[in-house]
Amino acid sequence: MRDTKQTTNKNITYIVIFTIMIIVVALLIIFIPKLKNKDTSSSNSSPDSVSVMSTEGSQDETISKSIKNLTDVKFGSKRKSISSYEKKQKGTQDGSYAASSDGKVAYLTYKFSEKNPPEYFGAQVLPTDSNALLQYVLNEKGKLYEVRLQYGKLSKDSYDAIVSNISGTYGNYTFARTYSNGSAEHWWKTKSITLIAYYQSTSVSVYLRKN
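Each number in our numbering comes from the position in the sequence shown (counting from 1) with 1201 added on.
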């Protein structure tokens, strides 16, 4: 009788231990995939860092030459005169106007004509590229202070040719910077105007800004 009781106690002990093991395994099966997914999600959500690889020149350096606007529109012009000018141009179309919620900045944006795509600094824009546009930026007084040209997606060689053509017109750039993701920018700065050319994998751009 005593041996039977001891055997029964041992069986109960084994059952308890086995039950605990099953519970532990079940919990591991449930939670380990969730932890892995969380780690993967966290890893995927972390942005790739972009660092400056090299710089040349100074952002404060200036040249003595006068930089012309990309179009015949003068800085300080208002929306009405810009719209009037662009209506006469064959290379742009579909002008749209949008203002920021605080009213401090407004944008007058044009797409390029597929029949008559314009050329700037020796390179033709890509009118079928969604990133290609010509944009006039107006300040809170409604006056033009910046012009943005986006060619669309061009090769690095095309960008280098644009930089070379700008340098041929205005002299060597005053500042340059390259990034770890392959992007680059080159500046030509006067006391009143700054011209900046940008290269990215998705688009090549040239900005003119009143200082």
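We put the CB at the ideal spot given by N, CA and C, even for glycine.
The structure displayed is predicted, hence computed values, not measured ones.
Using three-state DSSP, classify residue i as helix, strand or coil.
i	result
VAL1405	strand
ASP1303	coil
GLU1257	strand
ILE1264	coil
TYR1298	strand
THR1272	coil
ASN1391	Reading off the sequence shown, one finds Thr at residue 1391, where the question assumed Asn. Residue state, collapsed to three classes: coil.
ALA1377	strand
GLY1277	coil
GLY1369	helix
LYS1289	coil
ALA1362	helix
LYS1237	At LYS1237 the pLDDT is 46, less than 50, meaning the model places this residue with poor confidence and gives no usable figure here.
SER1331	coil
SER1250	coil
Report yes if the CB atom of residue i is closer than 8 Å to the CB atom of residue j, and no otherwise.
i	j	result
TYR1371	ILE1268	yes
LYS1344	GLY1277	yes
SER1359	VAL1306	no
LEU1355	GLN1336	no
LEU1271	GLU1347	no
LEU1339	ARG1280	yes
GLU1304	GLU1257	Note that residue 1304 is Gly in the sequence shown, not Glu. It is not a contact, given that the beta carbons lie outside the stated cut-off.
THR1375	LYS1390	yes
In the DSSP assignment, what residue or residues form a beta bridge with residue i?
i	result
GLU1320	GLN1325
GLU1347	VAL1338 and ARG1410
ILE1397	TRP1388 and TYR1408
LYS1312	GLN1294
GLY1353	VAL1405
Return the Cβ separation of residue i and residue j in integer angstroms, given the expectation that the two are a contact with Cβ distance under 8 Å.
i	j	result
GLY1292	SER1265	About 31 Å separates the two Cβ atoms, so there is no contact after all.
GLN1294	LYS1312	6 Å
ILE1394	ASN1373	Not quite, the Cβ-Cβ distance comes to about 16 Å (not below 8 Å), so this is no contact.
Shorter than 7 Å, the distance from the beta carbon of residue i to the closest heavy atom of the ligand MN, or not?
i	result
ASP1295	Among the components of this structure there are no ligands whatsoever, and the ligand MN is therefore not found.
Answer yes if the region 1364-1379 comes into contact with the region 1394-1411, meaning at least three C-beta pairs across the two stretches below 8 Å, and no otherwise. yes
Below 8 Å, can you find three or more Cβ-Cβ pairs linking the region 1375-1386 to the region 1313-1327? no
Just checking, does the region 1256-1264 make contact with the region 1327-1344 on the three C-beta pairs under 8 Å criterion? no
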